[in-house]
Amino acid sequence: QRIYRIPEEESPGTIVANITAKDPDDEDSPSRLFYSIQPSGTYFSINPSTGVLQVTGRMNRDARPLQLQPNVSLIVRVEDGPSGGHASEMEITIIIDDINDNPPECIPSTFRREANENMTAGTFLIDLRNYCKDIDVDPLNSRFNFTGLSGFGSNHFALESTGSGRLVMTESIDLENPDRIEVYSLTVRVQDIAWPNYSSKYPFYTSFDIFLCYIIHIYIRIKPVNEFFPVFSNLSYEFNVPEIAKVGSSIGRVNARDKDWPPSVITYSIVAGGGTRDYTNIFWISPTKGDVKILARLDYETTQKHVLMVEASDQEKTATASVTVNVLEVNDEEPVCSPNFYSFQIPVSTAVGTNINGFRIQCQDRDSDPRSFRYFINEGNVNNHFTFSPSAGSNVSRLILASRFNYEDGLDTAWIYRLRVYITDDNLLSARDKTTHLIKTGTVTLSITVIPSPTTVIATTPGFTVVTKRENLYSESAWYVPFVITLGSLLLLGLLAYLGFLLATWVRTRCPPAGKADVTSRINFPFCLSLQMMTKLNTVFDGEARDPVTGKMYEFNTRSGARRWKKSCETPQPAPAMSSTTDNSDQGTERAEAPSKKELSEKKKEPTAETKPAIKPSAAQSKTPWLRLQKQKEE
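Written as structure tokens, this is what we have:
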């Protein structure tokens, strides 16, 4: 048994061994022997004449089956004749050795990672060994190193060791630095440790001094971190605003920034202050710009200063600053005088300089000094009979008669004076300031009646009439009112209809049809019977005719068209006159009935009075006693 070793990837034709044999029969002459191998594989072959064993196929130690079984066993057979004879066999084993013929590979070859800017030195980022491998079977040939970390800004990163492949940060990165880099592009080389032998796979490498390396690309993006709090440009703000500033006008702006990169979006809000008795907050701040605006009218006389607390936020961190709004006083209040209307009478003989009826007005102004008032009569002071004293410099002034009335000479003709008094608050202003300052004016109306002769003066006081106007308006919240009214109306109509039905039913039951009512009914209800008898008496059949279908005779009323069948025992009735009364018609009917009864008695034998049965009274005989008595009187 022989053992041979041969490295993988030997080229075809490479001699592995020279097998020789000797035949004892051929001691003095060269032997003619024939060599063969079993099994005949794809890797080796033997020269049948010389016994030279050589490589015939590729041997890849890093692929199956040689990866699992690198030993190849062969049986070499030698014979002394081509067609048989004596033979001898020998087993040989060829061991295929692994060589470093594969460089390391990484999948993927490009990596993308993110790191916060405030990460400290030594922070682990990625382990490249988890993505790289060398397929060489021999562990000595599959080892590799990570070297050559390079790229712009690579000084912030490092490999822990050449063999580990762990990429770490060497220092913290600050994006607020003007020389900041947001994305770092790094390259790392992966290289075999063992001496390479790439000539079989990479024929262009002719020197073993050349190592084949693998390049990895790593992109690291630095994520910004909100590290800083917003900072206002001022610790506090103060704005001066006149009290007559328009609602919605801007009174100032606050500003805040932070040092983070990229710049954070700052939002502003009012978190305290700025409220009044009527409003929760009379100020508004723009969330994005920081402009402070007023939402309601300012009043110096009510509040002279407002202190707000404004907050700036970058969605994570906040800062606050105070804002003081000073309300500046402006002459925006009119003088208010009491009374503002007065009516009184004075005698025509009132002396000049008299305080008329002791009248005086007292004025006040919320934003003016009491000495700032001036009084003058603007309308109705005909011939300048009236004036106020003092005319300026006081908040109290009296009405004085400045000149006497002269009605005798015709200088005065009006007996009623309606004075319109103006009170201004510019007494303390200079002539120049009056052109620039705001001046307010109050008014008082006086009605003065001059009495021709000295009489008792009746002082009157101002009065007023309260007029209350009420108007019915439909409210959507009172939808049930028309519904209830409509429903009540329908129920009332239904009740009235039901009562009418009951009344008709009662009348129908109490007034039965003619011919069916008994004597008691006729006595108890004379009205119903009278109505029925009147209907019967008014129906006079003054004509007769023959029915063309049955051939029977029938009677009819020429006025109403009423008809009835003519009885065979009755004779035709003569037509009564149109002016005959109902009673005469009844009498004529009775007279007409008498002959018919007589004829009937002639044809039939009448029974005696003793044996004559009771005859049922006819319709004419069943009349009420009142009708029967009336007929007797007429007969």
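Positions 4 to 638 (this note's numbering) are the ones given, in order, by the sequence shown. Glycine is no exception: its CB is placed at the ideal position from the N, C-alpha and C atoms.
Beta-bridge analysis with DSSP links Arg363 to Arg401. In the displayed model, Val487 falls within a helix according to three-state DSSP.
Less than 8 Å divides the Cβ of Val310 from the Cβ of Thr327. When secondary structure is reduced to three states using DSSP, Val510 falls in the helix class.
When Gly276, Ile269, Val333, Asn360 are compared, the shortest CA-CA separation from Thr321 is found for Ile269.
Taking all protein chains shown into account, Gly54 has 16 or more neighbouring C-beta atoms within 10 Å of its C-beta and is therefore buried. With contacts defined by Cβ atoms closer than 8 Å, Val234 and Arg260 form a contacting pair. Looking only at Arg35, Gln72, Ala481, Gly125, the smallest Cα-Cα distance to Ser86 is reached by Arg35. Scanning its chain for C-beta atoms nearer than 7 Å, with the 5 sequence neighbours on each side dropped, one finds around Asn148 the residues Thr165, Gly166, Gln194, Ile196, in chain order. Under a 10 Å Cβ-count criterion, Leu496 is classified as exposed, with fewer than 16 other Cβ atoms of the shown protein chains found around its own Cβ. Here Ala354 is exposed, its C-beta having fewer than 16 other C-beta atoms within 10 Å.
Counting of Cβ neighbours within 10 angstroms places Lys569 among the buried residues, the total reaching 16 or more. Boundaries of the alpha helix (DSSP H) around Asp436: 434-439. Between Ala20 and Tyr7, the C-beta gap is smaller than 8 Å, which places the two residues in contact. For Asp335, the closest C-alpha among the options Asn430, Ser112, Ile247, Tyr501 is that of Ile247.
In the DSSP assignment, Val244 falls within the unbroken beta strand (DSSP E) covering 239-245. Residue pairing by DSSP places Val552 in no beta bridge whatsoever. Residue pairing for Asp137: DSSP places it in no beta bridge. Check the Cα spacing between Glu304 and each of Asn284, Asp294, Asn329: the tightest is with Asn329. By the Cβ neighbour-count rule, Gly356 is exposed, with fewer than 16 other Cβ atoms within 10 Å of its own. With contacts defined as CB atoms closer than 8 Å, Phe347 and Ile419 fail to qualify as a contacting pair.
For Arg300, the secondary structure class from DSSP, reduced to helix, strand or coil, is coil. Note on geometry: alpha-carbon atoms of Tyr271 and Ser316 lie some 7 Å from one another. As DSSP reads the structure, Val326 sits in a beta bridge with Tyr240, Leu311.
Each of Ser239, Ser371, Thr448 was checked against the Cα of His440, and the nearest Cα belongs to Ser371. Note on Thr427: 16 or more other CB atoms within 10 angstroms of its CB, so buried under the neighbour-count rule.
Assignment of Asn358 by DSSP, reduced to helix, strand and coil, places it in the strand class.
DSSP, read as helix, strand or coil, puts Asn74 in strand. Annotated as proximal: Ser253 and Val295, with beta-carbon spacing under 8 Å.
Contact between the region 421-437 and the region 364-378 is present: 3 or more CB-CB pairs across the two stretches fall below 8 Å.
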